[in-house]
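Written out below as structure tokens is the structure these notes cover.
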Amino acid sequence: MILFNKARRLGLKLDKYTCAGPLTACSQSGDLYAGKMVHGLILVSGLGSQVVLTNSLIDMYSKCNQVDHARMLFDHANNLDGVSWNSLIAGYAQNGKYEELLTIMMKMHQSGLTLNTYTLGSALKACSSNFNGSKIFGTMLHGLTIKLGLHLDVVVGTALLDMYAKTGSLDDAIQIFDQMVDKNVVMYNAMMAGLLQQEKIEDKCAYKALNLFFEMKSCGIKPSMFTYSSLLKACIAVEDFEFAKQIHALICKNGLQSDEYIGSVLIDLYFLLGSIKDAFSCFNSIHNLTIVPITAMIVGYLQKGEFERALALFYELLASKEKPDEFILSTILSACANMGMLRSGEQIQGYANKIGISRYTIFQNSQIWMYAKSGDLYSANLTFQQMENPDVVSWSTIICSNAQHGHAIEALRFFDLMKSCGIEPNHFAFLGVLIACSHRGLVEEGLRYFDTMKKDHIMTSHVKHCACVVDLLGRAGRLVDAESLILDLGFEHEPVMWRALLSACRIHKDTFTAKRVAEKVIELEPLASASYVLLYNIYMDAGNKQDALKVRKLMEDRRIKKEPGLSWIQVGDQMYSFVSGDRSHKNSELIYAKLDEMLAKTKSLDLMKDEFDYKIEYESMTNVLVNYHSEKLAVAFGIIHLPDSAPVRVMKNLRICLDCHMAMKLFSIIEKREIILRDSVRFHHFKDGRCSCGDYW
4 MILFNKARRL GLKLDKYTCA GPLTACSQSG DLYAGKMVHG LILVSGLGSQ VVLTNSLIDM
64 YSKCNQVDHA RMLFDHANNL DGVSWNSLIA GYAQNGKYEE LLTIMMKMHQ SGLTLNTYTL
124 GSALKACSSN FNGSKIFGTM LHGLTIKLGL HLDVVVGTAL LDMYAKTGSL DDAIQIFDQM
184 VDKNVVMYNA MMAGLLQQEK IEDKCAYKAL NLFFEMKSCG IKPSMFTYSS LLKACIAVED
244 FEFAKQIHAL ICKNGLQSDE YIGSVLIDLY FLLGSIKDAF SCFNSIHNLT IVPITAMIVG
304 YLQKGEFERA LALFYELLAS KEKPDEFILS TILSACANMG MLRSGEQIQG YANKIGISRY
364 TIFQNSQIWM YAKSGDLYSA NLTFQQMENP DVVSWSTIIC SNAQHGHAIE ALRFFDLMKS
424 CGIEPNHFAF LGVLIACSHR GLVEEGLRYF DTMKKDHIMT SHVKHCACVV DLLGRAGRLV
484 DAESLILDLG FEHEPVMWRA LLSACRIHKD TFTAKRVAEK VIELEPLASA SYVLLYNIYM
544 DAGNKQDALK VRKLMEDRRI KKEPGLSWIQ VGDQMYSFVS GDRSHKNSEL IYAKLDEMLA
604 KTKSLDLMKD EFDYKIEYES MTNVLVNYHS EKLAVAFGII HLPDSAPVRV MKNLRICLDC
664 HMAMKLFSII EKREIILRDS VRFHHFKDGR CSCGDYW
């Protein structure tokens with residue numbers, strides 16, 4: 004372009020060669036403004052009829068995302084050659100307009116022009132996009148390649164096997180691969196990618212991909228970075244982690260560890276192995292940190308429960324030149340949901356609105372879940388109502404959200420609406436319905452839905468579904484039926500089933516059954532503290548201190564420690580966490596003074612005197628007063644720092660104890676405000692001395 008501008012200043016006459024170079028430069032740089040300027044000079048200079056310039060202009064407009072303008076030039080041109088047709092076909096391929104590509108290619112063939120390997124390759128690539136009728140077009144093109152004698156060409160053959168693999172005809176892809184004589188690394192890579200493209204990769208496909216690697220080696224074909232990326236995916240699919248580490252060593256030996264795609268798969272690998280340190284090391288080895296490895300790292304953090312690190316990396320992404328897509332935004336909303344960070348989730352929603360992503364269904368689904376998990380069910384329901392085309396995930400999410408908040412009738416209403424809209428319920432929708440019935444005590448309705456799921460919708464009941472039914476029967480006092488269900492369904496080796504029954508034993512003070520059930524679950528999970536603690540509390544509830552102390556002694560002998568209770572609350576943009584008896588906060592004196600004030604007022608209500616005598620749970624075995632449990636400290640902190648009109652939203656990692664549950668009901672009267680608490684079981688909305696769970700949790 005510099006030389007072109009210099010020639011203009013010198014007054015040199017423009018010709019087709021002088022103009023073709025600048026157009027190529029504009030194509031490569033994507034400079035549409037400069038390209039239009041050159042186009043104008045071509046027209047002024049009377050060079051518009053030159054076919055070489057027409058071809059360059061078609062190429063320039065296509066590469067500047069103006070393929071419709073390129074088509075207009077093509078349609079109005081007087082002189083066209085094979086390059087003109089191929090340039091337009093390439094433009095349609097680059098811009099994803101595959102149906103238009105096939106139309107123009109058929110016109111080219113009808114015009115008597117020879118279709119070359121490049122043209123056919125572009126057309127077959129178009130058929131890989133799975134648009135309506137793409138497979139039929141692809142099969143027709145396959146026949147045409149055979150007629151032209153080009154089906155064994157490496158470029159065409161690679162495009163054919165890629166097309167068949169992506170349209171679900173993997174056997175045809177393998178057949179084409181086997182027919183090829185002169186295979187190169189590109190063809191091997193295409194075949195391996197085709198074998199590994201499914202979301203859930205079958206073992207036989209993964210092993211075939213691994214065998215292709217050894218075949219390549221025996222043929223003396225040097226693997227490329229795409230080969231290694233596919234190899235790692237295959238190793239992950241069959242859980243051959245030792246070979247995956249060997250592949251990693253080969254990658255480092257060939258200096259490919261800095262590639263963003265290889266690095267992303269390595270990140271996935273090490274997160275699966277549980278090594279956050281190695282995953283982070285692979286992340287730091289990548290030179291060009293694009294959205295792909297950053298997404299892999301964020302997803303890995305979420306899978307390992309490292310929500311704060313995921314959020315920190317997301318904010319680093321926002322500060323960089325890379326822009327998040329709808330997938331990463333919906334993923335990061337999951338982090339906000341798990342942490343109960345309502346304000347942060349709202350900020351991400353605002354950002355999504357700004358960049359035009361907030362209307363994507365995948366984002367709205369995550370938005371519903373974020374609101375629900377953060378304690379704002381109203382906004383979750385409102386988001387769902389504003390959706391134009393909710394999918395099965397949307398319906399399942401809103402059903403589960405209402406169920407977790409104790410709005411059983413609403414959850415069941417959404418389920419009925421879902422079916423009336425012609426959407427087939429999935430496992431999660433039925434799980435939400437069963438949770439709703441369990442939390443509300445709707446025994447017969449729950450059993451009916453469970454039966455419907457298996458018979459009418461032909462679904463295999465998962466462990467979580469059956470645990471809900473055990474919980475449903477157990478809460479209703481039907482302990483024998485609950486135990487029979489566990490045995491009849493063949494889930495006697497699942498600890499979660501017996502824990503659900505053990506919880507029911509506590510509700511109904513059945514210490515005899517509780518002891519037997521506890522022995523079973525402790526046998527299955529000898530190092531898990533939850534069952535010991537639950538059995539201890541059952542004995543304490545029954546006034547059987549001697550057996551309770553035996554459970555405590557057993558835990559000490561086995562060196563089993565109870566998971567510490569942790570509660571947290573978001574105030575402004577900050578997250579504040581508390582443990583029982585926590586005095587680490589800089590405003591501890593103020594927090595404890597407020598809590599003591601509220602506790603003193605509860606005694607004056609004269610409603611709790613019968614609640615304190617025996618319902619002192621496992622936490623009192625440590626030297627921490629029940630009065631200063633983590634959730635009480637968090638609530639006191641929230642009442643101090645939040646506006647009077649704002650509800651206090653607190654999250655806890657464990658089930659709320661009986662004492663704290665009663666205290667929260669009374670705090671809601673004393674402070675005249677709603678307290679929303681999420682524990683490991685469900686949401687509790689405390690208002691005017693009542694809880695949404697109806698003391699049934």
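Note that this note's numbering has the sequence shown beginning at 4, numbered continuously upward.
Quick reminder that beta carbons are idealized off the backbone N, C-alpha and C, glycines included.
Predicted model, so just to flag it, every value in this text is computed and none were measured.
Determine, using beta carbons only, whether residue i and residue j come nearer to each other than 8 angstroms.
i	j	result
ILE672	GLY697	no
GLN370	LEU345	no
LEU123	LEU153	yes
PHE431	CYS403	yes
LYS236	LEU199	yes
MET300	ILE265	no
VAL473	LEU488	yes
LEU434	LYS467	yes
LEU505	VAL520	yes
GLU309	ILE279	yes
LEU608	LEU669	yes
ALA96	SER125	yes
ASN187	VAL159	no
Can you tell me where the alpha helix (DSSP H) with residue i in it begins and where it stops?
i	result
MET111	101 to 113
TRP372	364 to 376
LYS564	Counting along the chain, LYS564 falls outside any alpha helix (DSSP H), and DSSP gives it neither H nor E.
MET664	Correcting the residue identity first, residue 664 is His in this sequence and not Met. Segment 661 to 673, the alpha helix (DSSP H) holding HIS664.
HIS430	430 to 443
GLU245	244 to 256
GLU218	206 to 221
GLY353	345 to 358
LYS150	137 to 151
According to DSSP, is residue i part of a helix, a strand, or is it coil?
i	result
PHE494	coil
TYR579	strand
THR625	Note that THR625 scores a pLDDT of 42, beneath 50, so its modelled location is shaky; the value from the coordinates is reported in the next line. If DSSP states are grouped into helix, strand and coil, THR625 belongs with coil.
LEU701	The structure shown does not extend to residue 701, since the chain is modelled only from 4 to 700, so the question has no answer here.
VAL651	strand
HIS632	coil
TRP571	strand
LYS612	Low confidence applies here, because LYS612 scores a pLDDT of 46, under 50, leaving its location unreliable; read the following figure in that light. In the structure shown, LYS612 sits in coil (DSSP, three-state: anything other than H, G, I, E or B).
HIS42	helix
CYS694	strand
MET390	coil
ALA233	For clarity, residue 233 is Ser in the given sequence; the question names Ala instead. Helix at SER233.
THR463	coil
PRO705	Any answer about residue 705 is impossible in this case: the structure gives the chain only from 4 up to 700.
MET456	helix
Give the straight-line distance between the Cα atoms of residue i and residue j, rounded to the nearest whole angstrom.
i	j	result
ARG681	LEU482	27 angstroms
ILE45	ARG74	18 angstroms
VAL302	LYS604	46 angstroms
ALA28	TYR374	50 angstroms
ALA666	TYR542	22 angstroms
LYS376	SER284	32 angstroms
THR334	ALA313	10 angstroms
ASN81	VAL54	8 angstroms
GLY223	ILE179	21 angstroms
ASP662	PHE387	36 angstroms
GLY444	GLU486	18 angstroms
LEU476	ASP484	7 angstroms
VAL268	ILE351	27 angstroms
VAL582	TYR210	49 angstroms
CYS130	TYR64	23 angstroms
MET194	ILE412	52 angstroms
TYR363	PRO428	21 angstroms
How close, in whole Å, do the beta carbons of residue i and residue j come, if the pair is a contact with beta carbons under 8 angstroms?
i	j	result
PRO498	LEU527	5 angstroms
ILE61	GLY33	Incorrect: roughly 15 angstroms between the Cβ atoms, too far for contact.
THR637	TRP571	The sequence shown places Ala at residue 637, not Thr. With 8 angstroms as the limit, ALA637 and TRP571 qualify as a contact, their Cβ atoms being about 7 angstroms apart.
LEU213	TYR231	Not confirmed; about 12 angstroms, so no contact.
ALA639	LEU598	4 angstroms
LEU56	LYS19	5 angstroms
LEU118	LEU155	Contact doesn't hold; Cβ gap of about 16 angstroms is too wide.
At least one CB of chain D closer than 8 angstroms to the CB of residue i: is that the case?
i	result
HIS465	Protein chain content of the structure displayed is limited to a single chain, and chain D is not contained in it.
Hey, could you find the ends of the beta strand (DSSP E) residue i is sitting in?
i	result
LYS169	Unbroken run through LYS169 is the alpha helix (DSSP H), 157 to 169; no beta strand (DSSP E).
HIS688	686 to 690
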